[in-house]
Structures are given as C-alpha cells and as structure tokens.
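The block underneath contains the structure these notes are about, expressed in structure tokens.
2 protein chains.
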Amino acid sequence: MAKIAFKPGTMIYPLPAVMVTSGDTPESYNIATVAWTGTICTEPPMCYISLRKQRHTHDIIMRTREYVINLTTEALARATDWCGVRSGRDYDKFREMQLTPQPAQVVKAPLIAESPLNIECRVIEVKELGSHDMFISEVVAINAEESLIDKGTGAFQFNHAAPLAYSHGKYYGLGEKLGGFGFSVKKKKH
Amino acid sequence: MAKIAFKPGTMIYPLPAVMVTSGDTPESYNIATVAWTGTICTEPPMCYISLRKQRHTHDIIMRTREYVINLTTEALARATDWCGVRSGRDYDKFREMQLTPQPAQVVKAPLIAESPLNIECRVIEVKELGSHDMFISEVVAINAEESLIDKGTGAFQFNHAAPLAYSHGKYYGLGEKLGGFGFSVKKKKH
Numbered sequence: 020m021a022k023i024a025f026k027p028g029t030m031i032y033p034l035p036a037v038m039v040t041s042g043d044t045p046e047s048y049n050i051a052t053v054a055w056t057g058t059i060c061t062e063p064p065m066c067y068i069s070l071r072k073q074r075h076t077h078d079i080i081m082r083t084r085e086y087v088i089n090l091t092t093e094a095l096a097r098a099t100d101w102c103g104v105r106s107g108r109d110y111d112k113f114r115e116m117q118l119t120p121q122p123a124q125v126v127k128a129p130l131i132a133e134s135p136l137n138i139e140c141r142v143i144e145v146k147e148l149g150s151h152d153m154f155i156s157e158v159v160a161i162n163a164e165e166s167l168i169d170k171g172t173g174a175f176q177f178n179h180a181a182p183l184a185y186s187h188g189k190y191y192g193l194g195e196k197l198g199g200f201g202f203s204v205k206k207k208k209h
Numbered sequence: 020m021a022k023i024a025f026k027p028g029t030m031i032y033p034l035p036a037v038m039v040t041s042g043d044t045p046e047s048y049n050i051a052t053v054a055w056t057g058t059i060c061t062e063p064p065m066c067y068i069s070l071r072k073q074r075h076t077h078d079i080i081m082r083t084r085e086y087v088i089n090l091t092t093e094a095l096a097r098a099t100d101w102c103g104v105r106s107g108r109d110y111d112k113f114r115e116m117q118l119t120p121q122p123a124q125v126v127k128a129p130l131i132a133e134s135p136l137n138i139e140c141r142v143i144e145v146k147e148l149g150s151h152d153m154f155i156s157e158v159v160a161i162n163a164e165e166s167l168i169d170k171g172t173g174a175f176q177f178n179h180a181a182p183l184a185y186s187h188g189k190y191y192g193l194g195e196k197l198g199g200f201g202f203s204v205k206k207k208k209h
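And the structure:
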C-alpha cells in the first residue's frame, strides 16, 4: 500500500468510550466521558485514564484519588456523548441524563446503575504529560450486571450488552464476530 | 440493575488489537499483537503499550527503545490473532503471515505494508508494574494509506478500512454507526 506521512497525532482506534464517575458526596458526583483509557497491567490489575487539567473530573480525582470506570453500551450512546461535551461545573449529569448513582463496594464515587460493568479504581500515581495528566490506577473492585453472567460458566458476557466503540470521532456498535482469541491456531472440529 | 461483585481484573473493552513491529534489521524484525495499548496524551501525542517481560518483543524494544503500532482491520484478523499466540523466537512472522515490511520514516522498526495506519513510537520511560511493563512513548511519525485519505478534507478515513475491535476474548468488526462526537448536542438540520 502507498503510504503518506501524517503529522504525529493520536490515531489508535477503536477505543472504548467509558463514563468515569467521581465525587465523594451526592452533591459532588460527576460523570466524564473518556476514551484515553485502557489496561496497563494484568497482575495486579491496573488501568489508567488521561484527563485534561481543565476538566471538572480532574479536580475531583486530584482531591479524592479514586473513581469508577463505567463501560458503555449502544443504549448509553447519547448519554456517553453528552457527558463528554458538557461540564459537571454547569450540570448535574446524573439528573440531566436520568442515570442512577449506585453505591460502590470500596470507593466513595458512585457506580452508574445503567452501565453493565463498573470498575472501581484507586489512583497510584499522577503523571503530568502535557495537555493531559495520566492517572495510573489499581483496580480495587468490579461490579457486574447479574443478568449478563453465564449461569453455567460464571463468565461475564459483556459482549451480549451491545458494547459501544469509539473510532476516529464516531460511535459504533460492534459488528460481526470474526473469531475468539486463538482461533487462528485452533484445529477445526469434525 | 442488580450488580454482583467480581474479583478485580482487566475488563475495559472494546479495545484495538494492534500489531506491534520491532527490530532494527530484517533478521530481527518481529510482530506482536497487543491489546494493552492506547493514547495517554494529546499534545504532545503520546501512547503506550504494555508487554509481559517474557515476550520476544519486550527484549527487542528494551534494546532498541522504538517500535511501530500497526492498526488492524477485518482482513488482518487472522494474522492479528496468530501473531498474538505465536512467538517470534520460533517464527519469522512476516513470512508466515505473508505480510510485507516497509521502511518507516523515523524509526528502524518496519511498518506492516498491509496495515492502513502505522504509528512510529519512541520509548520515553519503561514502568515495571507487575506481570507487564508499560512502555510510555511519544508518537514520532505516522504513515497513512493514501487511498483512505479524503481528497476534499484531507482527513484520514480509518473507519472505511473495516477496523478490528477486540472485546472480552473475541474479535469483531465495527457495526452500526450511532453518531459522531457531539451528536447529542447538535441541532437537527431542517
């Protein structure tokens, strides 16, 4: 393929678009949508979010050092987008989006009840990188929607909840399943 | 929704499954598939990959301090999976998967010609976290497939290349487009 040089930029996609909840009292609860997020270590389980210093959620997490990553679904696409373009300084986002705060196990930040998976995180280190600060965090608890747990295997079937993906400025559902991890080396069943 | 407590783990999805190329000579070129990757800063553009210490690519990048993130597509699903389950200690992955190494602009690691977007990265810091080391990196160059660049706007249309997503152990294409960033606050056109 013929390649053209592009200015260095942020082009890794598709990504999750997660709703990050923070705050330690109902009055301070907030929701921020974040795509600069991911897993950085399997054992112990660690993840990160990167936030601009100007965001309201940045202020809250600098104070509380904890937050919740709420995975999003096609049904939450509008709320996900709205919480990414509006500020918690101006709106009570739970009320505006008719989302329900739910108590977490370990952290004071609330879960979003309507999200099928809520990952409770505690900040270990804040790295100032430039436009964004990276919050390097440990996963301290996970809350999974009961109806998505396979009764036979105990596995959490997030893919049955119509996950939301974000790619180059657009939101998508997932499409055709192309195979499971390791499919390229599996022997065909006869 | 009723929530069940899960053991803390790595549950953030969907993610990209990128092919990371490394090496500074054709004999040392390797490909590793990585889902623990993402953007950590917009300006300057920075990203990361996390790798287990045992991986062949870990050794190479510790030596060369540079690599390329090659975005993947549905057409590359099988090669993406295969490069994630086989080791470069045992195979010449370019040859086995019939992929074509292409010279990069800045780094010595090769691009994968068949990938529509190749992100050249230089390591700034290696953070030992546990099972994985995180390679905090700057984006030093980007190579974009010419045919995916919109002639009118100059924008790179990665979403036209059928991007590959990885979610809870399965590979997917992208599905229905649900809206662009900011769609929830846009006025409808009359």
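Protein chains in written order, with the working numbering: chain Y, 20 to 209; chain L, 20 to 209. Every residue, glycine too, gets a C-beta built ideally from N, C-alpha and C. Nothing here was measured: the structure is a model prediction, and the numbers come from that model.
Identify the contact partners of residue i in chain L, using a Cβ-Cβ distance below 8 Å as the criterion.
i         : result
Y:Ser-106 : Going along chain L, no residue has its Cβ under 8 Å from Y:Ser-106, so there is no contact; the nearest lies around 12 Å.
Y:Val-37  : Ile-31
Y:Thr-56  : Ile-31 and Gly-57
Y:Val-53  : Residues of chain L passing the Cβ test: none, with the nearest at roughly 10 Å.
Going by CA-CA distance only, name the one from the options that's closest to residue i.
i         : options                                       : result
Y:Leu-136 : Y:Leu-95, Y:His-151, Y:Val-204 and Y:Arg-108  : Y:Leu-95
Y:Arg-141 : Y:Leu-193, Y:Glu-115, Y:Ile-79 and Y:His-179  : Y:Ile-79
L:Gly-194 : Y:Tyr-185, Y:Ile-138 and Y:Ile-168            : Y:Tyr-185
L:Asn-49  : L:Ala-160, L:Ala-163, L:Gly-57 and L:Val-39   : L:Val-39
Y:Gly-42  : Y:Arg-74, Y:Ala-181, Y:Ala-128 and Y:Ile-138  : Y:Ala-128
Y:Pro-27  : L:Leu-183, L:Ser-156, L:Tyr-190 and L:Lys-170 : L:Ser-156
L:Ala-132 : L:Phe-113, L:Gly-198 and L:Leu-197            : L:Phe-113
Y:Leu-183 : Y:Leu-90, Y:Ile-143, Y:Glu-147 and Y:Glu-165  : Y:Leu-90
Y:Thr-61  : L:Trp-101, L:Leu-70, L:Thr-61 and L:Thr-58    : L:Leu-70
L:Ala-51  : L:Asn-162, L:Trp-101 and L:Gln-117            : L:Trp-101
L:His-187 : Y:Gly-188, Y:Gly-199, Y:Glu-144 and Y:Gly-192 : Y:Gly-199
L:Leu-82  : L:Val-145, L:Trp-55 and L:Gln-117             : Before going further, note that residue 82 of chain L is Arg rather than Leu in the sequence given. Closest option to L:Arg-82, Cα to Cα, is L:Val-145.
Y:Val-159 : Y:Arg-74, Y:Ile-143 and Y:Glu-165             : Y:Ile-143
L:Gly-192 : L:Arg-97, L:Leu-167, L:Gly-173 and L:Ala-163  : L:Arg-97
L:Phe-25  : Y:Val-37, Y:Leu-197, Y:Arg-74 and Y:Glu-165   : Y:Glu-165
L:Lys-72  : L:Gln-117, L:Glu-147 and L:Gly-173            : L:Glu-147
Y:Leu-197 : L:Leu-197, L:Lys-196 and L:Ala-181            : L:Ala-181
Mind pulling the chain Y residues with CB within less than 7 Å of residue i?
i         : result
L:Asn-178 : Ser-186, His-187 and Lys-189
Between which two residues does the beta strand (DSSP E) containing residue i stretch?
i         : result
L:Val-159 : 151-164
L:Val-104 : From DSSP, L:Val-104 is part of no beta strand (DSSP E) but of the alpha helix (DSSP H) over 96-104.
L:Glu-195 : 189-199
L:Gly-57  : 56-60
L:Lys-206 : Counting along the chain, L:Lys-206 falls outside any beta strand (DSSP E), and DSSP gives it neither H nor E.
L:Ser-41  : 37-41
L:Met-30  : Per DSSP, L:Met-30 belongs to no beta strand (DSSP E) and is neither H nor E.
Y:Thr-92  : First-last for Y:Thr-92: undefined, no H or E at that position.
L:Arg-141 : 136-147
Y:Val-53  : 49-53
Y:Ile-68  : 65-71
Y:Ala-184 : 183-186
What does residue i touch in chain L if you count any residue whose Cβ is under 7 Å from its own?
i        : result
Y:His-75 : Going along chain L, no residue has its Cβ under 7 Å from Y:His-75, so there is no contact; the nearest lies around 17 Å.
Determine the chain Y residues that contact residue i at a beta-carbon separation under 9 Å, and present them in chain order.
i         : result
L:Lys-7   : Lying outside 20 to 209, the shown extent of chain L, residue 7 of chain L is not represented and no answer is given.
L:Val-239 : Outside the displayed span of chain L (20 to 209) sits residue 239 of chain L, for which this structure offers no information.
L:Glu-93  : Gly-194, Glu-195 and Leu-197
What does residue i reach in chain Y if we use C-beta pairs closer than 8 Å?
i         : result
L:Ile-161 : Ala-24, Phe-25, Lys-26, Pro-27, Gly-28 and Met-30
L:Ser-41  : Those within 8 Å of L:Ser-41 in chain Y number zero; the least Cβ separation is about 17 Å.
L:Lys-112 : Going along chain Y, no residue has its Cβ under 8 Å from L:Lys-112, so there is no contact; the nearest lies around 12 Å.
L:Leu-12  : With chain L covering only 20 through 209, there is no way to say anything about residue 12 of chain L.
Following the continuous alpha helix (DSSP H) through residue i, name the residue where it begins and the one where it ends.
i         : result
Y:Arg-82  : 75-83
L:Phe-113 : 112-115
Just to make sure I have the definition right: I need the residues of chain L whose C-beta is within less than 9 Å of the C-beta of residue i. Which are they?
i         : result
Y:Glu-165 : Met-20, Ala-21, Lys-22 and Ile-23
Y:Ala-96  : Leu-197, Gly-198, Phe-202 and Ser-203
For the region 96-111 of chain L and the region 148-165 of chain L, state whether three or more C-beta atom pairs, one from each stretch, are separated by less than 8 Å. These segments do not touch.
Would you be able to state if there are at least three C-beta pairs under 8 Å between the region 58-70 of chain L and the region 118-126 of chain L? Using a C-beta cut-off of 8 Å, the region 118-126 of chain L makes no contact with the region 58-70 of chain L, since fewer than three inter-stretch Cβ pairs fall below that distance.
Do three or more CB pairs link the region 198-208 of chain L to the region 196-207 of chain Y at distances below 8 Å? The region 198-208 of chain L vs the region 196-207 of chain Y: no contact.
Is it a yes or a no for the region 175-182 of chain Y touching the region 29-36 of chain L, going by three-plus beta-carbon pairs under 8 Å? Yes, since at least three Cβ pairs between the region 175-182 of chain Y and the region 29-36 of chain L fall closer than 8 Å, the two stretches touch.
Positions along the region 59-88 of chain Y whose CB lies within less than 9 Å of some CB in chain L: Result list: Ile-59, Cys-60, Thr-61, Glu-62, Pro-63, Pro-64, Met-65, Cys-66, Tyr-67, Ser-69, Arg-71 and Ile-88.
Mind listing which residues of the region 139-153 of chain Y have their C-beta closer than 7 Å to chain L's C-betas, in chain order? Residues Leu-148, Gly-149, Ser-150, His-151 and Met-153.
Looking at chain L, which residues of the region 120-136 of chain Y have a Cβ within less than 9 Å of any of its Cβ atoms? Residues Gln-121, Gln-124, Leu-130, Ala-132, Glu-133, Ser-134, Pro-135 and Leu-136.
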